[in-house]
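Residue numbers (the working numbering): 14 to 208.
Built from N, CA and C at the ideal position, the CB exists for glycine as well.
Please read these numbers as outputs of a predicted model, since none were measured by experiment.
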């Protein structure tokens, strides 16, 4: 009887320790996982009534939706970024997925929203995605891993450096049925002509 009790206790402790310290534990805000060859993402479907509109994905290594996510994050939606930063994130996305995949998205109703959470001072902390339409069927999961790495390596929001001492979340949203609709100070950004 003692042996069975000890075995049960050790097994329970092992499970608890693995769940507490595993970076790959399941995030309760997501419903399932999607795997690429080199990456894995937590995912949840997004519905408009009963119709599926798209999918939200976050790298399994991210803290979003867990107790490890920063306690105070200022959410600025699509605000607080400059035209240059909006274009820079677009170019990182476009270049990471390649010309062939980019052409698949053009003139479709697909929308890609890239959420970047920044450390205080403007350096990227983590990146997650919200994909509307059929984007997930057109682009391999591994490309999103590349996009995430490129943003973390090559992007800093200059405007945030003097504005905040908190983590900040900014959404960069790109609609492929009209890439040229975003305006900054009444100036239309023509993403379709960005080289």
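* **Extent of the continuous beta strand (DSSP E) to which residue 157 belongs** => Counting along the chain, no beta strand (DSSP E) covers residue 157; the unbroken alpha helix (DSSP H) around it starts and ends at 154 to 167.
* Asked: Going by other Cβ atoms of all chains shown within 10 Å of its Cβ, with 16 needed for buried, is residue 101 buried or exposed?
  -> buried
* Inspect the CB distances between the region 110 to 119 and the region 84 to 93 and report whether three or more fall short of 8 Å. => no
* To do: Rounded to whole angstroms, what's the CA-CA distance from residue 141 to residue 16? Just pull it up for me.
  => 47 Å
* Would you mind working out which of 205, 194, 136 sits nearest residue 178, comparing C-alpha positions? => 136
* Bounding residues of the beta strand (DSSP E) (the contiguous stretch that carries residue 186) -> DSSP places residue 186 in the uninterrupted beta strand (DSSP E) bounded by 180 to 188.
* What did DSSP end up calling residue 103 once you bin it into helix, strand or coil? -> helix
* Three or more beta-carbon pairs under 8 Å between the region 195 to 205 and the region 158 to 173, yes or no? -> no
* To do: Note down the Cα distance separating residue 158 from residue 62, rounded to an integer number of angstroms.
  => 30 Å
* In angstroms with no decimal places, state the Cα-to-Cα distance between residue 144 and residue 125. => About 5 Å.
* Asked: From 165, 121, 161, 132, pick the residue whose C-alpha is nearest to that of residue 148; which is it?
  -> Of the candidates 165, 121, 161, 132, the one whose C-alpha sits nearest the C-alpha of residue 148 is 121.
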